[in-house]
Amino acid sequence: MNKQRENAKSPNLFRNRFMQTILLSNMLLQIGIWVRNFAILLYVADKTNNDPSAISLISVAEFAPIFIFSFIGGTFADRWRPKRTMIWCDLLSAVSVFLVLATVHYGSWQSVYLVTFISAILSQFTQPSAVRLFKLHVPEEQLQQGMALFQTLMAIFMVLGPMLGTFAYSTFGLETSVAVMGVAFLLSALILTRLPKDRQEPQTEAGKGQFREQFVEGFRYVWQSPVLRMLGVAFILTGLSMGITQTLGLFVVTERLGSDEKFLQYLLMVYGAAMLIGGGLVSVFAKRVAPQLLLAIGMLIGGVCTVIVGYSTSIPVTLGVQFLSGLVFPCIHIGISTMILKWSPASIVGRVNGVLNPMFVGMMVISMSFAGALKDAFSLVSIYTGAGLLLLLGALAMMPIMNSKAPEHTQSAQPAAVDMNMNAH
């Protein structure tokens, strides 16, 4: 009977009002973010003559607020109404973009960093709220399939995003490119009004004035879970690795491959195309593979690919390795997201996300901050070899929890949440 019920639910994911709305919202945001990111990257590269420190500061501006505000944002996501939180954050992000745009127009060019910085702060309240809604409105048996849909959308923009960003900056300049992001946030806020109505939960009212207790509870829950503890270790090692490679990718193109800086878009496009294929493959067999195994596979192959990219001076080899790395990246993304959702009850999932995410992002910010100094002190080959070894260590961290099963209590809330979502249609 349970099998029949599961089979009956499965086709409804694509008609799920939450999934339709959140995917459309995310699509608009991806357009704005990719156009902004590439416009600012190329603009700063032009202004500073490819200065490593100035370029790495873009990534620091994007990720530092995540480390600082994610703990707080995750706690408030469990206290506030998630739909209302997401709409207000998108509106405030749009306002901040246009204010900074005016500053750039009349002031110094360094103000471009503020566009990324402010939107990154507000995203720390939006992202855990979206995770909480995902937990409430997507059936347990469809979590990995839902994650695969998000991964597919990300992959599409890994292909289209660099082209959009480069075209926008080359054709219209910085100010128009950044303005696209502001419009995208406004449209996203409008789309989010379609989300199912927020449910007024009794514990939210009872918990008012207990921010500190709820804040600490998130850390305690993660620490007491062996699976989430080891996931935290993997987060730290992965963050250190990806912070280095993300910041120095431009120099792989210019120094190791001897190409123009704009060739970076083709590396990202190949990576994105592979992610698109990989996301489809993972969605087919994801139900039969434990999320911690998916994560370990992705990190293992990703680590090997990182080392090869550092050594390669051949464009075909680097593109091929980028394709393989992109093919397995959905294993990392889907594995991490599914583990957080399955091992966390809906009442605390925002805080769990708020505790674990800074472990990844914090280490990423640290490695990004030192990327310019590392580049001056060591060769790209040495740096990328070290980054690859960090990913391999992260894969090994998954071994002790490979056979762990998700606790039953995280599944008990799903039927009610699903029924509520059906009624929302």
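Residue numbering for the sequence shown follows our numbering, beginning at 114 and increasing consecutively.
Idealized CB from N, CA, C, for every residue including glycine.
| query | result |
| --- | --- |
| Own chain partners of T161 with C-beta closer than 7 Å, once the 5 adjacent residues on each side are dropped | A167 |
| Contact check, G274 vs W147, beta carbons under 8 Å | yes |
| Inter-stretch contact (C-beta, 8 Å, three-pair minimum) for the stretch 487–507 and the stretch 178–189 | no |
| Close Cβ partners of V335 (< 8 Å) along its chain, the five nearest in sequence each way excluded | L341, R342, G345, V465, V468 and L469 |
| Short Cβ contact (8 Å threshold) for P443 with M388 | yes |
| Cβ distance (whole Å) where V441 is taken to contact G415 below 8 Å | 6 Å |
| N- and C-terminal bounds of the alpha helix (DSSP H) containing G371 | Looking at the DSSP string, G371 is not in any alpha helix (DSSP H), and its letter there is neither H nor E. |
| At least 3 beta-carbon pairs within less than 8 Å: the stretch 197–211 vs the stretch 375–392 | no |
| Simplified DSSP assignment, three categories, for R192 | helix |
| Helix, strand or coil at L308 [DSSP, three-state] | coil |
| Inter-stretch contact (C-beta, 8 Å, three-pair minimum) for the stretch 504–519 and the stretch 202–213 | no |
| Cβ neighbours of L305 in the same chain (closer than 6 Å, five flanking residues each side left out) | S138, M199 and I200 |
| Reduced DSSP secondary structure (H/G/I, E/B, other) of G475 | helix |
| Beta-carbon separation (whole angstroms), P471 vs I179, contact threshold 8 Å | 7 Å |
| Three-way DSSP call (helix, strand, coil) for F285 in this model | helix |
| Nonlocal neighbours in the same chain, by C-beta distance under 7 Å from S396, ignoring five residues either side | Q258 and A261 |
| Helix, strand or coil at Q255 according to DSSP, with G and I counted as helix | helix |
| Contact check, N256 vs T426, beta carbons under 8 Å | In the sequence under discussion, the amino acid at residue 256 is Leu, which differs from the Asn named in the question. It is not a contact, given that the beta carbons lie outside the stated cut-off. |
| Separation of T216 from S206, as counted between CA atoms | 15 Å |
| Three-state class that DSSP yields for V201 in the structure shown | According to the sequence provided, residue 201 is Trp. The question's Val does not apply to it. W201: helix per DSSP, three-state reduction. |
| Cβ-based neighbour list, S457, same chain, cut-off 6 Å, excluding 5 preceding and 5 following | V465 |
| Residue interval of the alpha helix (DSSP H) (run including N139) | R130 to T161 |
| Own chain residues within Cβ distance below 8 Å of V546, not counting five before or after | Because the chain here runs from 114 to 538, residue 546 falls outside it and cannot be looked at. |
| From N516, I144, P339 and P195, residue whose alpha carbon lies closest to that of F298 | I144 |
| Host alpha helix (DSSP H) of I461 (start-end) | No alpha helix (DSSP H) contains I461, which DSSP labels as neither H nor E. |
| Pick from I461, S242, M412 and M132 that is closest to V329, judged by C-alpha positions | I461 |
| F247 versus S354 - alpha carbon distance | 28 Å |
| CB contact flag (A177, L361, <8 Å) | no |
| Integer Cβ distance of Y156 from L303, believed to fall under 8 Å | With a Cβ gap of about 29 Å, Y156 and L303 do not count as contacting. |
| First through last residue of the alpha helix (DSSP H) which encompasses I514 | That residue, I514, is in no alpha helix (DSSP H); it is neither H nor E in DSSP. |
| Of the listed residues K518, N150, G371 and S338, nearest to L227 (C-alpha basis) | N150 |
| C-beta contact flag for G331 and A152 at 8 Å | no |
| For F263, the three-state DSSP class (helix, strand or coil) | helix |
| G439 to M476 span [Cα, whole Å] | 22 Å |
| Buried or exposed (CB count within 10 angstroms, at least 16 for buried), Q117 | Residue confidence for Q117 is low, a pLDDT of 45 falling below 50, so the modelled location carries little weight; the figure read from the coordinates is stated next. Label assigned to Q117: exposed. |
| Which listed residue (G352, L381 and F348) has its alpha carbon closest to that of E363 | The question names Glu, but residue 363 in the sequence shown is Leu. Taking only the C-alpha atoms, the option nearest L363 is L381. |
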